[in-house]
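Peer 1: I'd like to ask some things about the structure below.
Numbering (our numbering), first residue to last: 453 to 775.
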């Protein structure tokens with residue numbers, strides 16, 4: 453089964469996420485159990501961002517500053533160009549308001565870390581630059597994404613929520629900073645525990661997805677989301693990703709980036725982080741809305757993995773042929 457999914461470029465983790473949606477749709481958490489699941493999900497979010505902070509090395513930060521043009525370009529695509537595209541697409545009214553809100557939300561998120569680096573390495577790009585750009589994007593996202601959400605989404609519903617911003621600080625920012633500042637003492641241990649950290653990452657997100665979709669199912673999400681909506685979101689995801697992949701290539705050429713940096717801009721600038729997006733949605737939106745909010749992100753995540761895997765292999769093959 454795993455080999456089949458690999459040949460189809462389908463991430464096993466996506467199958468698990470879909471499984472959580474199916475489980476929540478069949479057996480949603482209710483009452484006391486829902487409170488327990490929500491509490492465990494919050495603990496998972498804290499642990500997730502603590503580990504993100506512990507992973508970010510000071511050396512990566514210092515080395516990244518030296519290559520500021522590349523990181524500025526990635527940041528501009530991630531937090532300026534992508535949100536503008538999100539505003540345009542979500543305002544067309546081709547899907548329900550909650551899903552349109554989710555489509556806009558995904559464009560406000562930071563770039564991925566692991567897959568951006570993996571695809572850059574596969575394409576024979578500047579791996580060190582990808583590490584720095586992806587790390588900077590995620591660090592900036594802790595501050596920038598909640599602000600953009602407040603300005604473009606929740607602010608339109610009656611102002612910026614102080615409670616939401618307080619939750620961001622307590623569940624995301626403080627754990628991240630604590631993890632980063634105690635890295636000198638736990639950094640070596642963290643570096644050795646890749647499998648454990650992957651389990652914490654993925655199990656935390658799976659728990660948040662189950663909690664979010666349970667609340668959404670109780671509120672009747674599947675009566676509001678049609679097959680046509682799902683198809684429309686898939687088409688919108690493919691269109692946005694294709695446009696960003698082409699645009700980042702043009703920007704890299706205009707900035708006279710070499711091949712390695714062009715690959716970094718293309719892969720780091722065109723992708724959005726499920727690992728950051730799901731916990732942030734759980735913090736920034738009411739529980740009943742989170743399921744619909746993260747549905748477009750889950751679709752986009754699978755699309756970006758499949759498309760970028762093919763693209764990275766092609767770039768890698770081209771590099772081998774020129775040697």
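Beta carbons are placed, not taken as given, at the ideal position from N, Cα and C, and that holds for glycine. Note that the structure is predicted; figures quoted are calculated from it, not measured.
For the structure I just gave you, are there three or more beta carbon pairs, one from the region 588–604 and one from the region 745–754, closer than 8 Å?
Peer 2: In short, these stretches do not touch, since the Cβ pair count stays below three.
Peer 1: Can the beta-carbon of residue 719 be found closer than 9 Å to that of residue 522?
Peer 2: Not a contact, by the Cβ cut-off of 9 Å.
Peer 1: Rounding to the nearest angstrom, what Cα-Cα distance links residue 768 and residue 571 in this structure?
Peer 2: Each residue's Cα considered, the two are about 9 Å apart.
Peer 1: Should residue 741 and residue 668 be called a contact, given that it needs their Cβ atoms to be closer than 9 Å?
Peer 2: For residue 741 and residue 668, yes; Cβs fall inside 9 Å.
Peer 1: Any idea if residue 553 is buried or exposed, counting beta-carbon neighbours within 10 angstroms, 16 or more meaning buried?
Peer 2: Flag for residue 553 reads buried.
Peer 1: Kindly indicate which three-state DSSP category residue 708 falls into: helix, strand or coil?
Peer 2: Coil.
Peer 1: Quick one: grab the DSSP three-state call for residue 678.
Peer 2: DSSP places residue 678 in coil when its eight states are reduced to three.
Peer 1: Where does residue 540 fall in DSSP's three states?
Peer 2: Three-state DSSP puts residue 540 in a helix.
Peer 1: Smallest Cα separation from residue 738: which of 715, 606, 502 and 471?
Peer 2: Out of 715, 606, 502 and 471, 606 has the C-alpha closest to the C-alpha of residue 738.
Peer 1: Tell me, to the nearest whole angstrom, how far the beta carbon of residue 503 is from that of residue 652; I am working on the premise that it is less than 8 Å.
Peer 2: Their Cβ separation, rounded to whole angstroms, is 6 Å, which keeps residue 503 and residue 652 in contact under 8 Å.
Peer 1: For residue 467, count neighbouring Cβ atoms within 10 angstroms of its own Cβ and tell me buried if that reaches 16, exposed if not.
Peer 2: The residue is exposed, with fewer than 16 neighbouring Cβ atoms inside 10 Å.
Peer 1: Would you mind giving the Cβ-Cβ distance between residue 717 and residue 525, rounded to the nearest angstrom? I have them listed as a contact below 8 Å.
Peer 2: Contact holds; Cβ gap of about 5 Å.
Peer 1: Using the Cα positions of residue 472 and residue 715, report the straight-line distance between them to the nearest angstrom.
Peer 2: For residue 472 and residue 715, the distance between alpha carbons rounds to 34 Å.
Peer 1: From what residue to what residue does the alpha helix (DSSP H) around residue 575 run?
Peer 2: Taken as a continuous stretch (DSSP letters only), residue 575 belongs to no alpha helix (DSSP H), as it is neither H nor E.
Peer 1: CB residue 743 to CB residue 577, shorter than 9 Å?
Peer 2: No, these two residues do not count as a Cβ contact at 9 Å.
Peer 1: Quick one: Cα of residue 695 to Cα of residue 686, how far?
Peer 2: One C-alpha to the other measures close to 14 Å.
Peer 1: Pull up the distance between the alpha-carbon of residue 725 and that of residue 629, whole angstroms please.
Peer 2: Approximately 19 Å, taken between the alpha carbons.
Peer 1: For a quick check, are the C-beta atoms of residue 660 and residue 547 less than 9 Å apart?
Peer 2: Not closer than 9 Å, so no.
Peer 1: Taking residue 650 as part of the alpha helix (DSSP H), name the residues at either end of that continuous run.
Peer 2: Run containing residue 650: 646–670, per the alpha helix (DSSP H) assignment.
Peer 1: Is the CB-CB distance between residue 535 and residue 556 below 9 Å?
Peer 2: Closer than 9 Å, so yes.
Peer 1: Under the assumption that residue 598 contacts residue 736 (Cβ atoms under 8 Å), give the Cβ distance between them as a whole number of angstroms.
Peer 2: Going by Cβ atoms, the distance from residue 598 to residue 736 rounds to 6 Å, so yes, they are a contact pair.
Peer 1: Helix, strand or coil: how does DSSP classify residue 606 here?
Peer 2: Note: residue 606 maps to helix in three-state DSSP.
Peer 1: Locate the alpha helix (DSSP H) running through residue 559, then write down its first and last residues.
Peer 2: 549–559 is the extent of the alpha helix (DSSP H) around residue 559.
Peer 1: When you compare the CB positions of residue 596 and residue 664, do they come within less than 9 Å of one another, or not?
Peer 2: No, they are not a contact pair.
Peer 1: Can you tell me whether residue 474 is buried or exposed, with buried defined as 16 or more other CB within 10 angstroms of its CB?
Peer 2: Exposed: under 16 other Cβ atoms inside 10 Å.
Peer 1: What residue range does the alpha helix (DSSP H) around residue 490 cover?
Peer 2: It spans 483–507 - the alpha helix (DSSP H) in which residue 490 sits, taken as one unbroken run.
Peer 1: With residue 699 and residue 533 assumed to form a contact (beta carbons below 8 Å), what rounded beta-carbon distance in angstroms separates them?
Peer 2: Yes, residue 699 and residue 533 are in contact; Cβ-Cβ is about 7 Å, under 8 Å.
Peer 1: So the candidates are 520, 723 and 734; which of them puts its Cα closest to the Cα of residue 569?
Peer 2: Looking at the Cα atoms, 723 is the closest of the given residues.
Peer 1: On the CB-based measure, 16 or more other CB atoms within 10 Å of its CB, does residue 545 come out buried or exposed?
Peer 2: Its Cβ having fewer than 16 others within 10 Å, residue 545 is exposed.
Peer 1: Taking the alpha carbon of residue 604 as the point to measure from, which residue in 623, 631 and 560 has its own alpha carbon closest?
Peer 2: Nearest option by C-alpha distance: 560.
Peer 1: Does the Cβ of residue 611 have 16 or more other Cβ atoms within 10 Å, making it buried, or fewer, making it exposed?
Peer 2: The predicted model places residue 611 with a pLDDT of 43, which falls under 50 and marks its position as unreliable; any figure quoted below should be read in that light. With fewer than 16 Cβ atoms within 10 Å of its Cβ, residue 611 is classed as exposed.
Peer 1: So residue 506 packs on residue 631, CB below 8 Å; how close in whole Å?
Peer 2: Indeed, because the Cβ distance is near 4 Å, the residues count as touching under 8 Å.
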